[in-house]
Every structure is written in C-alpha cells, then in structure tokens.
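Step one of this worksheet: look at the structure below.
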Amino acid sequence: GQQVMQIPQYQHVQEGEDFTTYCNSSTTLSNIQWYKQRPGGHPVFLIQLVKSGEVKKQKRLTFQFGEAKKNSSLHITATQTTDVGTYFCAGVKSGGYQKVTFGTGTKLQVIP
Amino acid sequence: DARVTQTPRHKVTEMGQEVTMRCQPILGHNTVFWYRQTMMQGLELLAYFRNRAPLDDSGMPKDRFSAEMPDATLATLKIQPSEPRDSAVYFCASGPRPDTQYFGPGTRLTVL
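Respectively, the protein sequence lines represent chains A and B. If you use the numbering used here, the first sequence corresponds to residues 78 to 189, in order. If you use the numbering used here, the second sequence corresponds to residues 697 to 808, in order.
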C-alpha cells in the first residue's frame, strides 16, 4: 500500500533558527496537503499543492512539491515559539477514490 | 465559523464496555473521516464516507469497530467490546473534498 514518510521525526531548534521537514511518498501523488497540530490540539489544514514543482508561501512558511510529485517539503524561516507542534503531510494518490494517506509527522520544538 | 463537533471530548471506560463516539460534520461537507491517533502509530485512518456511503474502512478492526452515518449531520464510531489497546484520541474530520479536511477536537478515550 501507499506509504508516506516524513523526516525528521523530531526536531529541536533555537528560536530564530530555520526548520525544514521532508515528506516522501512511495507512489506518485495527485496532490499533497500540509497540516499543523499544536500540542493537545487537532490537525489544522495549512495548504494544498497540486502542480509539479509548485512552491507556495505563507508568511514564514514555504511549501514545495517535487517535480516527480512524490515528495514535498515545508520550510519555516526564523522559527518562533508559536511554531511548536507536529507537522503532517498528507498525500492523495492518483486515481481511485482519492485516498488520503497521512505522513508520520515531524514534531517541532522551539527553544526560546 | 463552522466547525466539526465531537462528543464526548473525554471518555473513561472499563474493558468490555461499549463506547460510542459522535461527530457532527460541517454542513455541506460530503466527505467524513474517522482517525485514531496514538503516540506509537501516529494518525491512522479508520473509516471514510462520501455522501454518507462508506468508501474505505480497511483500517478499522472489523470484529469490534463499526462506523455509520445515519444522516448527513451525524457520524458515529462504536467499539464493542472495548479493550485497553483502544485507548487513543479519535478524530473526526469532514471536508468538501478528501484533500481538504477539517478536524474536530477529538475524543480522548481511555479503556481501563
């Protein structure tokens, strides 16, 4: 079956440092989404990427979809304590009924 | 601001008891998902409904779990009988499409 892996599993950064999480799918995706889950909270939809090579920005967050549509990345510039949480990617496999598979998540801790 | 609601928010029960979790999707959303989240397994898809019809419940232990949508405003997830290994946070999510999901606050289940 489809697998979506994320690395790293955990990341501790000093406030102000940059952070990147990578998402890799075992199959080609039609699109990919990113979610953020704060500690004790629920996943919240951040963004969707659809096109090969697509790059989108939300303030300090930059999302990229790979050319082969099998990988993606989320980069946060100058992290803040409000960025703390777990970041999930979720891939939609091409074809079928659009099954969504969530990645394993990257837990970010920001040290003030 | 439309939100997915889930009840109860917390449930503590004894092994062998029946547990019913309820979800009210956002009005107009035709896709509904049930997920289970644990530290060890991450976010697991249990069931997926589109227009109230079950499309995928391959992630759900069939012998004890059941998921239904009696109407468009209610989704239920039942566990009978419950076991300690079922302890987890159960999320319901709805969306206009599978690739844009809005999560509820979750039900934290503890089975003693």
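Ideal Cβ placement from N, Cα and C applies to all residues, glycine included. Since the structure is predicted, the reported quantities are computational estimates derived from the model, not experimental observations.
Under a CB-based cut-off of 8 Å, is residue i close to chain B?
| i | result |
| --- | --- |
| ASN108/A | yes |
| GLY182/A | yes |
| LYS176/A | yes |
| VAL169/A | yes |
Under 8 Å, Cβ to Cβ, is there at least one residue of chain A near residue i?
| i | result |
| --- | --- |
| THR734/B | no |
| GLY712/B | no |
| LEU742/B | no |
| LEU739/B | yes |
| GLN720/B | no |
| PRO704/B | no |
| PHE799/B | yes |
Can you tell me which of the three DSSP states residue i falls into?
| i | result |
| --- | --- |
| PRO189/A | coil |
| ASP680/B | Only positions 697 to 808 of chain B appear in the structure, and residue 680/B is not among them; the question remains open. |
| ASP767/B | strand |
| PRO780/B | helix |
| THR159/A | helix |
| LYS774/B | strand |
| MET736/B | coil |
| SER129/A | coil |
| THR183/A | strand |
Specify, as a first and last residue, the run of the beta strand (DSSP E) that residue i falls within.
| i | result |
| --- | --- |
| HIS119/A | Counting along the chain, HIS119/A falls outside any beta strand (DSSP E), and DSSP gives it neither H nor E. |
| SER150/A | 148 to 153 |
| HIS706/B | 706 to 709 |
| ILE84/A | 81 to 84 |
| VAL700/B | Run containing VAL700/B: none; DSSP gives neither H nor E here. |
Considering only the alpha carbon of each residue, which of the options lies closest to residue i?
| i | options | result |
| --- | --- | --- |
| SER150/A | THR158/A, PRO189/A, GLY180/A, GLN175/A | GLY180/A |
| TYR786/B | PRO792/B, THR709/B, LEU739/B | LEU739/B |
| GLU764/B | PHE745/B, HIS706/B, PRO777/B | PHE745/B |
| CYS788/B | VAL715/B, GLN720/B, LYS707/B | GLN720/B |
| TYR87/A | TYR731/B, MET735/B, HIS706/B | MET735/B |
| THR97/A | VAL127/A, GLY78/A, PRO116/A, TRP111/A | TRP111/A |
| SER778/B | THR803/B, ARG705/B, PHE761/B | PHE761/B |
Measure the beta-carbon distance from residue i to residue j and round it to whole angstroms, keeping in mind my assumption that it falls under 8 Å.
| i | j | result |
| --- | --- | --- |
| GLN135/A | ASP795/B | Not a contact, Cβ separation roughly 17 Å. |
| ALA784/B | GLN733/B | 6 Å |
| ARG718/B | THR806/B | With 8 Å as the limit, ARG718/B and THR806/B do not qualify as a contact, their Cβ atoms being about 18 Å apart. |
| LYS184/A | THR156/A | Wrong, their Cβ atoms sit about 13 Å apart, outside the cutoff. |
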